[in-house]
Structure formats: structure tokens, C-alpha cells
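**Student:** Pasting in a structure now, in C-alpha cells, and then I'll have a few things to ask.
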């Protein structure tokens, strides 16, 4: 497995830290990988461009901050504007159609996915936006198995919300599968 | 303000990552500080000795992993056994009376607090153990204000669980105040 360095970016309340923690736990606890996960908060976090980093590997990882991600997810225009330049050449840059309207030219595969709109249309609850995004991400990258994400969710989410999360994850993987390479 | 390097350790389900994320957010969003927060998961995370790191400062922070914490919290015997040696000489080492029974000699202030027992006796819900711990911690260290923690909780916790969390935080600060220096 190639080492994967991811940055999730967006604004507070979009659940990017939770998504990063869930992804890292799934990789370590259920897919026999190693992971580090970190967030660095500066003054810009107060403005709405926060980021959460994950590195997943099958060997030891020493430095937890991602310098040049090969996968970058931007869930707001502000976070896109702030972070799009850090994408590794040839990497994958995912944005959400509802939140990111203006793109710049980058040397990466840039994908605009209707994640928020699909969540609102099919489930109607913005709270599972981050889980839908995780579903799309893992189906495009084959980083961890959907079952591993579900196992982590089962330990974190009250039983009455689990079905909604399962649905969001599954629908995310279906959307991602259309773009899988 | 002196830079504070904290390590929370324990087993999955005790909420140490959530506590670390909440503490970092409170510091950055409401107390005008800078923070980085990270978890590195290795094979030992599968066994029950996971850790979560926070650095809080009033200036820039470059390296997110804590090498020698000046505050170390251990919520299981296994995590204590694994991490007690990393405490900075002269630092503060907090354990929970229910979970850590055997101590080693360290060159640090070692405090055994009945956090879990108090939570179970006064609130009866283990889910707020981590918030009680945060309350005790901030009242002993004056790292961030309790109101700042509450503001973060208000954005993360469903309204019907907020009162229970407020109570856990407050009771934690009261226990911590007895040991404040």
C-alpha cells in the first residue's frame, strides 16, 4: 500500500475532525494499518478555514502533519482558497458543488461532487454530510473498507442514529464509485 | 503563558480524543490561544493504551507530537504502565483511582483523583467521564476557562445532553480546585 496523506478542510460544524478521527480509527483498528491524525488551529480557524490531517500507512509514521497531501478535500470556498495550493502534483482534489464555486487550475485530478446536495435530497440531515464524504472518499481511493468505518461508527453513534449514518456512508460510496479509477 | 504539552491516555471508549479536541478548540476559538492536537495510533491502540496529544500556547507551534508532556493523564493501568515514563520532571501526572491501582515512583507531582467514582455516584453516566476529567484538569492548571469549554460543548452536544455535560464539567472543576496550586 502506498502511504496516503490526506487533508480535510472546511469550516467548524462540518465534522471534518470527526471524519478524520473515524477514518484513522477504521484504518488502525479494523484494517491493520498505522495512522496518525492531527489538527493545527491557528487564527484562521476562527475565520472558517480549518483543516484536519490524516496519514495512513502500512508502516511506521513519524511526522503527523501533512505537508503535501495526495488527497485534499475542501468543503468551503474559503478552505479551498486557502489550501488548494498544497495539493501534491498528480493528487486528488475533491470539492463540494454546493460550497466551492470558483476553481483554480492545479496539477491534480480535480473532482466536484454533489455531496451536500445528495445528502440533503436523499437523507435531509446535514449532520451526516461528513460520513457521506468519507464514503465517497474511501470508494474512490480504496483506503479502508466501508465495513471498517461502520464498525467505528457503531462504537461512537447512538443506536437510533446508526441507520442514518449507514445510509449516508453507503450512498457516499455509490457516488464515489462513479469516479473511481 | 507557558507552553503546555498534554498527553491524555486511556482505552477506546473513554473519550480521550474527544476531550483533547474540545480542549484545543476551547483554547483557540474562545481563549485566543494557539493549539495543535494529534493522535498517533500504533498496534498498541488495539490493546487498550491509546493516547491523544495537545499543545497549547500563545505563540506558533510547529511540531504536533508531544515528546515530554508537562501534564499527563492516565485513565487505565495499561496506559499508565506504557506512558508514565514520559512525564517531564516536575510535571503533573493525573490518574483515576478506579482504573490505576499500581504506581511507580516518578519525578513529578502525582495525583490520584476519584474521577470515575464521582461521576458514577453523582451523575451515573460514564459517558461524561471525559468532560469531568477536563473540568478537573483545567481547574488545576488554569489552561482555559470553563466557559470556553462550555461554548465548544454547546456546538457539539445535543441540547438534551448539555445539562449533564455542564454538571460533569462543573463537578470536575470543583474536585480539581481542591488540588489546585
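Chains as they are written, first to last, in my numbering: chain D, 1 to 181; chain F, 1001 to 1181.
Backbone N, C-alpha and C fix where the C-beta goes; we use that ideal spot for every residue, glycine too.
It should be emphasised that the depicted structure is a prediction, and the values quoted were computed from it without experimental measurement.
What residue ranges within the stretch 34-109 of chain D form continuous beta strand (DSSP E) runs of no fewer than 3 residues, ordered along the chain?
**Tutor:** As far as the stretch 34-109 of chain D is concerned, its whole beta strand (DSSP E) runs of at least 3 residues are 34-41, 50-57, 71-74, 92-96.
**Student:** Closer than 8 Å between beta carbons: that is the criterion. Which residues of the stretch 1149-1169 of chain F meet it against chain D?
**Tutor:** 1155
**Student:** Can you find a CB in chain F that lies within less than 9 Å of the CB of residue 176/D?
**Tutor:** no
**Student:** Alpha carbons only, please: which of 1016/F, 1025/F, 1013/F, 1116/F is nearest the one belonging to residue 1156/F?
**Tutor:** 1025/F
**Student:** Just tell me which of 1049/F, 1033/F, 1079/F has its CA closest to the CA of residue 1061/F.
**Tutor:** 1033/F
**Student:** Alpha helix (DSSP H) containing residue 139/D: first to last residue?
**Tutor:** 129-141
**Student:** Which of the three DSSP states is assigned to residue 144/D in this structure?
**Tutor:** coil
**Student:** In chain D, which residues lie with their C-beta within 7 Å of the C-beta of residue 1017/F?
**Tutor:** 21
**Student:** Could you compute how far the alpha carbon of residue 1014/F sits from the alpha carbon of residue 11/D?
**Tutor:** 27 Å
**Student:** For the alpha helix (DSSP H) containing residue 166/D, list its first residue and its last residue.
**Tutor:** 159-177
**Student:** Does the beta carbon of residue 44/D fall short of 8 Å from some heavy atom of the ligand COA?
**Tutor:** For the structure depicted, the ligand COA is absent and the ligand set is empty, with no information on it obtainable.
**Student:** Assuming residue 89/D contacts residue 107/D under a Cβ cut-off of 8 Å, what Cβ separation, rounded to an integer in Å, is found between them?
**Tutor:** 4 Å
**Student:** Do the CB positions of residue 36/D and residue 1040/F come within less than 9 Å of each other?
**Tutor:** yes
**Student:** Name the two residues that bound the continuous alpha helix (DSSP H) containing residue 117/D.
**Tutor:** 115-122
**Student:** Would residue 1038/F and residue 1050/F qualify as a contact pair, given that the criterion is a beta-carbon distance under 9 Å?
**Tutor:** no
**Student:** Between which two residues does the beta strand (DSSP E) carrying residue 7/D extend?
**Tutor:** 4-10
**Student:** What whole-angstrom Cβ distance do residue 1167/F and residue 1030/F have, given they're in contact under 8 Å?
**Tutor:** Not confirmed; about 20 Å, so no contact.
**Student:** Check the Cβ-Cβ distances between residue 6/D and every residue of chain F, and say whether any is below 9 Å.
**Tutor:** It does not; no Cβ of chain F falls within 9 Å.
**Student:** For residue 1037/F, go through chain D and note every residue whose CB falls closer than 7 Å to its CB, in chain order.
**Tutor:** 38, 39
**Student:** Measuring alpha carbon to alpha carbon, tell me which of 1149/F, 1144/F, 1172/F ends up nearest residue 1056/F.
**Tutor:** The closest CA to that of residue 1056/F, considering only 1149/F, 1144/F, 1172/F, is found on 1144/F.
**Student:** Hey, could you find the ends of the alpha helix (DSSP H) residue 23/D is sitting in?
**Tutor:** 16-25
**Student:** Give a yes or no on whether 9 Å exceeds the smallest Cβ distance from residue 1061/F to chain D.
**Tutor:** yes
**Student:** Closer than 9 Å, CB to CB, is residue 995/F near chain D or not?
**Tutor:** An answer regarding residue 995/F cannot be provided, because it is not within the stretch 1001 to 1181 covered by chain F.
**Student:** Pull up the DSSP beta-bridge partners for residue 112/D, would you.
**Tutor:** Looking at the DSSP assignment, residue 112/D forms a beta bridge with 95/D.
**Student:** Given a limit of 9 Å on CB to CB distance, which residues of the stretch 1090-1115 of chain F reach chain D?
**Tutor:** none
**Student:** Under 9 Å between beta-carbons, which chain F residues line up against residue 29/D? List them in chain order, please.
**Tutor:** 1012, 1041, 1045, 1046
**Student:** According to DSSP, simplified to helix, strand and coil, what is residue 125/D?
**Tutor:** coil
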